[in-house]
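*Asks:* Numbering (this note's numbering), first residue to last: 218 to 608. Can you keep this structure in mind? I'll have questions shortly.
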């Protein structure tokens, strides 16, 4: 393959698929004017990138190391350092052979692997930021280092940008660019009033990995109260646990809690479907009510695109997507009674014209503010600037 001065290396450290990997795939498939390579550990992402005919460099030592609930141990830190050292020269020689001058690191941990390449070999670094970080966290301390060497930070929302600037300081603001995730609207269908799935049943759903942070437990408790008054309601859990032990144990806990609340006839664990239309056409109302603030939420955006009603926490990224009572509903975070009240309101008003308008407004929001074309143009511009500077 011919060398190109506009070659960009995506650096990813995940061996499971998530929102960050979705963003990389979307960039590689739709942004022209550059040649993209993906360095990633063996696993599901590597297989998916290859299936989409992307150029993949698989490197086992790139795999992310997870700390346990008690924090980083000395062994964890040594393992991370060892993996960085083991990855350095394979990555350098790979980039040298293909004349790659720019690295786009998918998150802080990936940027940690990129740092030696940036410092020792003068590679340019773009860090794509998907998360919100807590005060005094390891990630926060790492950001103070990254801001010295990164050329740009691409943030998926204003919430992410402002959160990171708290760690890096106001002087770093010029390095930050906000690029919202974008998508294309599915084929528009004139839906009748009422449920898109069934006239007799209203289906709520939670979409995403089954981890404590996603708020499944509180949603389950709220649904228990709602279904006691509205037995026609159902709750779908659309997702699977991650490979971490705490995620798998939490999944088992949710199954047991469902049984204890006697909700087996109303709550369904449906797993995850790759095909978006199959996923979103299973339910009527998305509940995005995480236990911690979310940086963005592709589930919220996709639900709007598929003409669904959305109930979300009034914080973080979802607050930048949803306008209360216009294209969805915002609820005070971590307040079970407020969530119950909103769920009951949606059920009670489900056949009203107001809900029909809210669903239509949701699709208009995606079309006007979060289009795939806007996403593509923004990334094309940032890569063009960095590649030209590299030359």
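Heads up, the beta-carbon is just placed ideally off N, CA and C, and yes, glycines get one too.
Once the 5 residues before and after residue 236 are set aside, which same chain residues still bring their CB inside 7 angstroms of it?
*Replies:* Translated into positions along the chain shown, residue 236 becomes position 19. Here the set comprises 347 and 515.
*Asks:* For residue 590, which three-state DSSP category applies?
*Replies:* Here the question's residue 590 lines up with position 373 in the chain shown. Residue state, collapsed to three classes: helix.
*Asks:* Can you tell me whether residue 551 is helix, strand or coil according to DSSP?
*Replies:* By 1-based counting over the chain shown, the position of residue 551 is 334. Reduced to three states, the DSSP call for residue 551 is coil.
*Asks:* How would you write the range of the alpha helix (DSSP H) that residue 350 sits in, first residue to last?
*Replies:* Here residue 350 refers to the residue found at position 133 when the chain shown is read from its first residue. Where residue 350 is concerned, there is no enclosing alpha helix (DSSP H), given that its DSSP letter is neither H nor E.
*Asks:* Which value, in whole angstroms, describes the spacing of the CA atoms of residue 394 and residue 278?
*Replies:* Here the question's residue 394 lines up with position 177 in the chain shown. Here the question's residue 278 lines up with position 61 in the chain shown. Going from the Cα of residue 394 to the Cα of residue 278 covers about 30 angstroms.
*Asks:* Between which two residues does the alpha helix (DSSP H) holding residue 279 run?
*Replies:* Here the question's residue 279 lines up with position 62 in the chain shown. Counting along the chain, residue 279 falls outside any alpha helix (DSSP H), and DSSP gives it neither H nor E.
*Asks:* Helix, strand or coil, according to DSSP, for residue 573 in the structure here?
*Replies:* Reading the chain shown from its first residue, position 356 is the one you call residue 573. Helix, per DSSP.
*Asks:* Between the alpha carbons of residue 595 and residue 243, how many angstroms are there, rounded?
*Replies:* Position 378 of the chain shown, counting from 1, holds the residue named residue 595. Position 26 of the chain shown, counting from 1, holds the residue named residue 243. Approximately 13 angstroms between the Cα atoms of the pair.
*Asks:* Output the distance between the C-alpha atoms of residue 353 and residue 361, rounded to the nearest integer angstrom.
*Replies:* By 1-based counting over the chain shown, the position of residue 353 is 136. By 1-based counting over the chain shown, the position of residue 361 is 144. So the two alpha carbons sit approximately 11 angstroms from each other.
*Asks:* Is there contact here, the segment 503-513 with the segment 468-480, by at least three beta-carbon pairs under 8 angstroms?
*Replies:* No: the two stretches stay apart, fewer than three of their Cβ pairs being nearer than 8 angstroms.
*Asks:* Can you find the residues in the same chain that come closer than 6 angstroms, C-beta to C-beta, to residue 442, ignoring five residues on each side of it along the sequence?
*Replies:* Here residue 442 corresponds to residue number 225 of the chain shown, with the count starting at 1. Around residue 442: 557.
*Asks:* At which residues does the alpha helix (DSSP H) containing residue 497 begin and terminate?
*Replies:* For the purposes of this step, residue 497 is taken as the residue at position 280 of the chain shown. Taken as a continuous stretch (DSSP letters only), the alpha helix (DSSP H) holding residue 497 covers 493-497.
*Asks:* Based on the DSSP output, what are the partners of residue 541 in its beta bridges?
*Replies:* Position 324 of the chain shown, counted from the start, is the residue given in the question as residue 541. According to DSSP, residue 541 bridges with 545.
*Asks:* Spatial neighbours of residue 267 within its chain, please: CB distance less than 8 angstroms, with the 5 preceding and 5 following residues excluded, ordered by chain position.
*Replies:* Within the chain shown, numbered from 1, the residue matching residue 267 stands at position 50. Closer than 8 angstroms at Cβ, skipping near neighbours: 273.
*Asks:* Out of curiosity, what's the CA-to-CA distance linking residue 459 and residue 263?
*Replies:* Along the chain shown, read from residue 1 onward, the residue named residue 459 stands at position 242. Along the chain shown, read from residue 1 onward, the residue named residue 263 stands at position 46. Their backbone Cα atoms lie some 17 angstroms apart in a straight line.
*Asks:* Could you tell me the distance, in whole angstroms, from the CA atom of residue 549 to the CA atom of residue 366?
*Replies:* For this step, residue 549 is matched to residue 332 along the chain shown. For this step, residue 366 is matched to residue 149 along the chain shown. Going from the Cα of residue 549 to the Cα of residue 366 covers about 38 angstroms.
*Asks:* Let me check understanding here. Comparing Cα to Cα, which of 297, 486, 374 and 291 lies closest to residue 592?
*Replies:* Taking the chain shown and counting its residues from 1, one reaches residue 592 at position 375. Comparing Cα positions, the closest option is 374.
*Asks:* Nearest-angstrom Cα distance between residue 331 and residue 511?
*Replies:* Residue 331 sits at position 114 when you count from the first residue of the chain shown. Residue 511 sits at position 294 when you count from the first residue of the chain shown. Distance between the alpha carbons of residue 331 and residue 511 is about 26 angstroms.
*Asks:* Is it true that the segment 533-542 meets the segment 450-459, where meeting means three or more beta-carbon pairs spaced less than 8 angstroms apart?
*Replies:* Segments in contact, no.
*Asks:* Less than 8 angstroms between C-beta atoms, sequence neighbours within five positions excluded: which residues of the same chain meet that for residue 480?
*Replies:* Start at 1 with the first residue of the chain shown, and residue 480 comes out as number 263. Counting only Cβ-Cβ distances below 8 angstroms, and skipping sequence neighbours, we find 437, 440, 441, 444 and 452.
*Asks:* Using the Cα positions of residue 432 and residue 423, report the straight-line distance between them to the nearest angstrom.
*Replies:* Position 215 of the chain shown, counted from the start, is the residue given in the question as residue 432. Position 206 of the chain shown, counted from the start, is the residue given in the question as residue 423. Going from the Cα of residue 432 to the Cα of residue 423 covers about 9 angstroms.
*Asks:* Establish whether the CB of residue 353 and some CB of chain D are separated by less than 8 angstroms.
*Replies:* This model lacks chain D altogether; it includes just one protein chain.
*Asks:* Quick one: is residue 521 buried, meaning 16 or more other Cβ sit within 10 Å of its Cβ, or exposed?
*Replies:* Numbered from its first residue, the chain shown carries residue 521 at position 304. That one is buried.
*Asks:* Where does residue 295 fall in DSSP's three states?
*Replies:* Against the chain shown, residue 295 aligns to sequence position 78. Helix.
*Asks:* On the three-pair Cβ rule with 8 angstroms, is the segment 223-237 touching the segment 322-338?
*Replies:* Flag = yes, the segment 223-237 and the segment 322-338 touch.
*Asks:* In angstroms, rounded to a whole number, what distance separates the CA positions of residue 587 and residue 292?
*Replies:* Against the chain shown, residue 587 aligns to sequence position 370. Against the chain shown, residue 292 aligns to sequence position 75. If you take the alpha carbons of residue 587 and residue 292, they lie about 43 angstroms apart.
*Asks:* Could you check how far apart the C-beta atoms of residue 419 and residue 464 are, in whole angstroms? I think they sit under 8 angstroms.
*Replies:* In the chain shown, residue 419 corresponds to position 202, counting from 1. In the chain shown, residue 464 corresponds to position 247, counting from 1. No, residue 419 and residue 464 are not in contact; Cβ-Cβ is about 29 angstroms, not under 8 angstroms.
*Asks:* Could you compute how far the alpha carbon of residue 435 sits from the alpha carbon of residue 569?
*Replies:* For this step, residue 435 is matched to residue 218 along the chain shown. For this step, residue 569 is matched to residue 352 along the chain shown. Rounded to the nearest angstrom, the two C-alpha atoms are 28 angstroms apart.
*Asks:* Inspect the beta-carbon positions of residue 259 and residue 305 and report whether they are closer than 8 angstroms.
*Replies:* For this step, residue 259 is matched to residue 42 along the chain shown. For this step, residue 305 is matched to residue 88 along the chain shown. No, the Cβ-Cβ distance between residue 259 and residue 305 is not below 8 angstroms.
*Asks:* Could you compute how far the alpha carbon of residue 238 sits from the alpha carbon of residue 345?
*Replies:* Your numbering for residue 238 matches position 21 in the chain shown. Your numbering for residue 345 matches position 128 in the chain shown. Taking the straight line joining both Cα atoms gives about 11 angstroms.
*Asks:* Check residue 567 in the structure and name its three-state DSSP category.
*Replies:* Position 350 of the chain shown, counting from 1, holds the residue named residue 567. Residue state, collapsed to three classes: coil.
*Asks:* Quick one: is residue 384 buried, meaning 16 or more other Cβ sit within 10 Å of its Cβ, or exposed?
*Replies:* As a first step, residue 384 must be located in the chain shown, where it is residue number 167. Classification of residue 384: buried, given that the 10 Å Cβ count is 16 or more.
*Asks:* How far does the beta strand (DSSP E) with residue 505 in it reach, from first residue to last?
*Replies:* Start at 1 with the first residue of the chain shown, and residue 505 comes out as number 288. First-last of the beta strand (DSSP E) with residue 505: 502-505.
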